[in-house]
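Structure first, commentary second.
Residue numbers (the UniProt record's numbering): 1 to 715.
Given below as structure tokens:
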């Protein structure tokens, strides 16, 4: 069950010649793949590209009609390996995943693919996750393209440019026998717009057809001496063919006047920000007509020396706008100028920051600073003159607290870490490694559990150095998504083979939840196109791990605590693994809320649990908040003048998971939590009993109020 369904939008993928497509960049990419005769598609979900996998999954019927093979791969390496079909066969293939972590996982397959070269067009669609919306370490995919000599496209962020880049990518790949990486940034993935559609194309050669006439060529195998020939082929043939194609097809674009003292060179993905900055300076209009020449690199690797030098001709200074570091493009362009003996001054990092996202303000400040120095006559007088009265923007990072990610309301992973904190109270602080996924939020307050993660599926492997014995066993945490992605082979077989004595907790929330709620092998839902309901415990026992405990309801904090304690103290040899299972609350709500609302609307009786805090009993020490951290659990100031401290309070976002009460009970905090079931469409008997109870309570309240008046306010 993915984060959202694209069934309605998929209907637009059937549009043909003469129609107009309107929607998100993700859907536009899917449509472009269909229009350009793709033969097979694969990938692995991850922001900002997750929705592309979800769209493809929802469009499987359409893909089947066109003879296109689609596979939701186990990980990015498996996805990249799919492109082997384009090595020997003239079949266009595309895979997609998150960059740069996805590129890292897929690097072995991609490096081999780049060495052997391809006959069919091979396209790797990378969701470049860099900047303020990123969820990973700040790196760029550019370095990998340079290392293995992939061609890298970075189109302008509008739907016509993005869809054209898909077509250009396939054709460039075929013209140069080289895989092509299409980089779509966060904003490109979610930009909305429209473009003129073409008819969907059935692949000229389907994978089914290829199986009827198998092909092979040992010259494509990456082994000596063929691998040496591959390197020479890259330099002598593939690279020149790519440069010729890029230049003749005009993949890079030039905007603005030909003659000017300055110019801007920019990655295609930076175009919108640059134009907006020029508009604010009065140097471009709302249609994008610019007074400053722009050389837009829709292909950021390879760079074309001849094309760049032509742009620089007659200019005094050029500013390179390259987001991220190191400054690969700036260094290469500097080399072009040096070798050509040019006197053009190249500017870039220094005027613009070396690291960090180039937001609108960063772009405006950088371009303004460049023009003030290089061509002040181009700027309006108001911008040229220093404004001494300009207000200084305070550094809000010193006063506004950070807002790191956290567990959702009702998340079944929260009680696991509450239980772990209770165990650490007994044992002392434990060595804990984490993995990629929602459970990584436990590293943050209030839990502060786990301080390192080495990659998706590598949580237990990250503790390998501590598995040699010690006063306390090391503990590692991994999600079910990470387990199936890479963890079973890289972490748990490693533990089993090396006879680890460590403890591993597998957080099983039934989905690849952090990437959007996609089904995985152990998902418990019926999936008509994928195999689900394969227990994690069965896979563990299959590789020789015997000590496996299953907790089927993580909200039972007491049981979680006891099982963790057992794992840390048992004399049993070998790895100790706990599979802690409860359904992701977001997915559960997505599934159950519509059914509940429908039942209420139809007049059927529905019970909805709600939790609350008895203000008269709550002591106000807030230990429940420190141990739970639920967003729906907050503070409430009482009107009672004798009670200064605020009490705990549960707000309307509560989903009724019961974790707060479970934590309070397991930690022996206080009995102030209560559960109340809200009944929709009650029976006649329930309605009469509710009315009777209300009358009794009203009478008791009136009686109490009367006594207070009689005895001078005493209860």
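The C-beta atom is built at its ideal place from N, Cα and C for all residues, glycine as well.
Member of the options whose CA lies at the smallest distance from the CA of residue i
| i | options | result |
| --- | --- | --- |
| residue 608 | 599, 614, 616 | 599 |
| residue 496 | 136, 290, 543, 318 | 543 |
| residue 18 | 508, 121, 196 | 196 |
| residue 144 | 108, 345, 679 | 108 |
| residue 7 | 20, 681, 52 | 52 |
| residue 28 | 162, 334, 227 | 162 |
| residue 71 | 50, 42, 569 | 42 |
| residue 177 | 237, 533, 101, 554 | 237 |
| residue 634 | 619, 651, 185, 627 | 651 |
| residue 369 | 329, 321, 411, 327 | 321 |
| residue 568 | 476, 645, 586 | 476 |
| residue 343 | 309, 256, 367 | 309 |
| residue 306 | 97, 23, 247 | 247 |
| residue 182 | 165, 192, 191 | 165 |
| residue 555 | 229, 91, 583 | 583 |
| residue 417 | 562, 331, 545 | 562 |
| residue 590 | 281, 655, 200, 603 | 655 |
| residue 185 | 548, 47, 428 | 47 |
| residue 94 | 638, 142, 38, 88 | 38 |
| residue 287 | 256, 138, 433 | 256 |
| residue 515 | 98, 638, 363, 121 | 98 |
Span of the alpha helix (DSSP H), counted from its first residue to its last, around residue i
| i | result |
| --- | --- |
| residue 54 | 50-58 |
| residue 280 | 271-280 |
| residue 228 | 226-233 |
| residue 170 | 159-176 |
| residue 596 | 585-601 |
| residue 267 | Per DSSP, residue 267 belongs to no alpha helix (DSSP H); it is in the beta strand (DSSP E), 262-267. |
| residue 558 | 557-569 |
| residue 423 | 414-427 |
| residue 72 | Counting along the chain, residue 72 falls outside any alpha helix (DSSP H), though it belongs to the beta strand (DSSP E) covering 69-72. |
| residue 458 | Counting along the chain, residue 458 falls outside any alpha helix (DSSP H), and DSSP gives it neither H nor E. |
| residue 211 | 207-212 |
Rounded distance between the beta-carbons of residue j and residue i, thought under 8 Å
| i | j | result |
| --- | --- | --- |
| residue 660 | residue 409 | Not a contact, Cβ separation roughly 11 Å. |
| residue 75 | residue 170 | Actually they are not in contact, since the Cβ atoms of residue 75 and residue 170 sit about 24 Å apart, beyond 8 Å. |
| residue 731 | residue 123 | Given that the chain is displayed from residue 1 to residue 715, the structure contains no residue 731 and the question cannot be resolved. |
| residue 105 | residue 81 | Not really, about 11 Å apart at Cβ, beyond 8 Å. |
| residue 532 | residue 521 | 7 Å |
| residue 40 | residue 207 | 5 Å |
| residue 198 | residue 25 | No, residue 198 and residue 25 are not in contact; Cβ-Cβ is about 18 Å, not under 8 Å. |
| residue 118 | residue 110 | Not a contact, Cβ separation roughly 12 Å. |
| residue 328 | residue 146 | 7 Å |
| residue 215 | residue 301 | Actually they do not touch by this definition, with Cβ atoms about 30 Å apart. |
Endpoints, the beta strand (DSSP E) within which residue i is located
| i | result |
| --- | --- |
| residue 580 | 576-581 |
| residue 190 | Per DSSP, residue 190 belongs to no beta strand (DSSP E); it is in the alpha helix (DSSP H), 186-190. |
| residue 547 | 547-551 |
| residue 23 | 20-24 |
| residue 325 | Element bounds for residue 325: n/a, residue is neither H nor E. |
| residue 609 | 606-613 |
| residue 649 | 647-650 |
| residue 466 | First-last for residue 466: undefined, no H or E at that position. |
| residue 96 | 93-99 |
| residue 123 | 122-128 |
| residue 677 | 673-680 |
| residue 538 | Premise fails: residue 538 lies in the alpha helix (DSSP H), 536-542, not in any beta strand (DSSP E). |
| residue 10 | It is not in any beta strand (DSSP E) - residue 10 instead sits in the alpha helix (DSSP H) that spans 7-10. |
| residue 287 | Where residue 287 is concerned, there is no enclosing beta strand (DSSP E), given that its DSSP letter is neither H nor E. |
| residue 300 | 299-301 |
| residue 448 | Unbroken run through residue 448: none, as it is neither H nor E. |
| residue 253 | 253-255 |
Q) Going along the chain, which unbroken runs of the beta strand (DSSP E) with 3 or more residues stay wholly within the stretch 476-524? A) Qualifying beta strand (DSSP E) stretches, in chain order: 503-508.
Q) Per the contact definition of three or more C-beta pairs closer than 8 Å, is the stretch 461-474 in contact with the stretch 126-142? A) These segments do not touch.
Q: Please confirm if the stretch 579-599 is in contact with the stretch 441-449, defined as three or more CB-CB distances below 8 Å between the two stretches.
A: Result no; under three Cβ-Cβ pairs closer than 8 Å.
Q | Touch test, the stretch 205-214 against the stretch 264-282, Cβ-Cβ under 8 Å, three pairs minimum | A | Counting Cβ pairs under 8 Å, fewer than three are found: no touch.
Q) How about the stretch 252-270 and the stretch 293-305: do they share at least three Cβ pairs that are nearer than 8 Å? A) Short answer: they touch.
**Q.** Segment contact flag, the stretch 447-455 with the stretch 405-421, C-beta cutoff 8 Å, min 3 pairs
**A.** Touching, yes, given that three or more Cβ pairs across the two stretches are closer than 8 Å.
(Q) With a threshold of 8 Å, are at least 3 pairs of Cβ atoms found where one atom belongs to the stretch 129-139 and the other to the stretch 237-246? (A) No contact exists between the stretch 129-139 and the stretch 237-246.
Q: Please confirm if the stretch 58-72 is in contact with the stretch 218-230, defined as three or more CB-CB distances below 8 Å between the two stretches.
A: No: fewer than three Cβ pairs fall under 8 Å.
Q.
So within the stretch 619-659, which uninterrupted alpha helix (DSSP H) runs reach at least 4 residues, ignoring any that extend past its ends?
A. If we require 4 residues or more, the alpha helix (DSSP H) runs fully inside the stretch 619-659 come out as 623-628.
Q) What residue ranges within the stretch 352-377 form continuous alpha helix (DSSP H) runs of no fewer than 4 residues, ordered along the chain? A) Secondary structure in the stretch 352-377: the alpha helix (DSSP H) runs of 4 residues or longer, each lying completely within the stretch, are 360-374 in chain order.
**Q.** Segment contact flag, the stretch 328-341 with the stretch 369-379, C-beta cutoff 8 Å, min 3 pairs
**A.** Touching, no, given that fewer than three Cβ pairs across the two stretches are closer than 8 Å.
Q. Counting Cβ pairs closer than 8 Å, one from the stretch 680-689 and one from the stretch 612-620, do we hit at least three?
A. The stretch 680-689 vs the stretch 612-620: no contact.
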